[in-house]
Amino acid sequence: MNANSGSLSVFLIFLVLMITISNLLTLGKTEFFDYQQNSRILSLGLNNQIGFDEHIFNETEGHCTLLGADLNEQNQPTKNKYTKMNGQLFSGRIPDQLPISEMMKKSGKKSVELMKIDIEGGEFNGLEPFIKEYPVCQIFIEIHGAPAKHLQMLQTIAKYKFRIFNVDVNPLCPLCCEYSLINEKCMEQFGVTPLDIMIP
Ligand SMILES: *[C@@H]1O[C@H](CO)[C@@H](O)[C@H](O)[C@H]1NC(C)=O
Numbered sequence: 001m002n003a004n005s006g007s008l009s010v011f012l013i014f015l016v017l018m019i020t021i022s023n024l025l026t027l028g029k030t031e032f033f034d035y036q037q038n039s040r041i042l043s044l045g046l047n048n049q050i051g052f053d054e055h056i057f058n059e060t061e062g063h064c065t066l067l068g069a070d071l072n073e074q075n076q077p078t079k080n081k082y083t084k085m086n087g088q089l090f091s092g093r094i095p096d097q098l099p100i101s102e103m104m105k106k107s108g109k110k111s112v113e114l115m116k117i118d119i120e121g122g123e124f125n126g127l128e129p130f131i132k133e134y135p136v137c138q139i140f141i142e143i144h145g146a147p148a149k150h151l152q153m154l155q156t157i158a159k160y161k162f163r164i165f166n167v168d169v170n171p172l173c174p175l176c177c178e179y180s181l182i183n184e185k186c187m188e189q190f191g192v193t194p195l196d197i198m199i200p
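Start counting the sequence shown at 1; every next residue gets the next number (UniProt numbering).
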């Protein structure tokens, strides 16, 4: 274990304590599904890997609207698969070339059920203005950087009533970690019950 992954482990222990102190959600799932028609999905940072998008499309039996984005234009197989799923693709650097809200305006959507975001740092400036303006139910975010960066980003998201329900470390990237968060306002819709406060 190198120094960086060591400090991330310490941070994760701290984080788990924070989660235990706050209301804890049922762990062990990376997303909650609602089989309502036409869930709106934002998938930011595709890099020609659309397993998440296909998974959601399959699980909802096609009842979803997929909006995908990446810094670069996607290759032809990815474009073809996205078209088959009736998805819409955007390219540009988030947020300066491509504000997330622009994707919503262009697609005529007003809210988001699931939002996946892995945009190599663009989340630090791009995410907050978006969740301030648009209702979002669940966020799956890969955060890159020193532990303090993770904490800062999570605190920012938490201001908008999101609670962490899953944390996954990335074995290939010692300073990366993927967090799943759900908005308090959506817990009932997704059948999620926060556990009691364990430490007062
Ligand atoms: C989704 O369903 C298609 C068609 O049944 C299948 O080829 C594909 O592997 C599935 N993808 C995922 C990620 O579940």
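Ideal placement from N, C-alpha and C gives every residue a C-beta, glycine not left out.
Under the three-state reduction of DSSP, residue 104 is assigned to helix. Apart from sequence neighbours up to five positions away, the residues of its chain that approach residue 57 with a beta-carbon distance below 7 angstroms are 64, 66 and 85, ordered along the chain.
With a cutoff of 8 angstroms on beta-carbon distance, residue 162 and residue 139 are scored as near each other. Relative to the Cα of residue 53, the nearest Cα in the group 43, 47 and 61 belongs to 43.
Every residue whose Cβ sits closer than 7 angstroms to any heavy atom of ligand 1 is listed here in chain order: 51, 54, 55, 57 and 58. Around the beta carbon of residue 39, a 10 Å sphere encloses 16 or more other beta carbons of the protein chains shown; the residue is thus reported as buried. Residue 182 is bridged by DSSP to 138 and 163. Only residues of its own chain outside the window of five on either side were considered, and among them 113, 183 and 186 have a CB closer than 6 angstroms to the CB of residue 137, listed in chain order. Closest in C-alpha terms to residue 141, from the list 123, 129 and 101, comes 123. Per the DSSP secondary-structure output, residue 39 pairs in a beta bridge with 64. Note that the segment 86-101 does not touch the segment 142-162; fewer than 3 beta-carbon pairs, one per stretch, sit closer than 8 angstroms.
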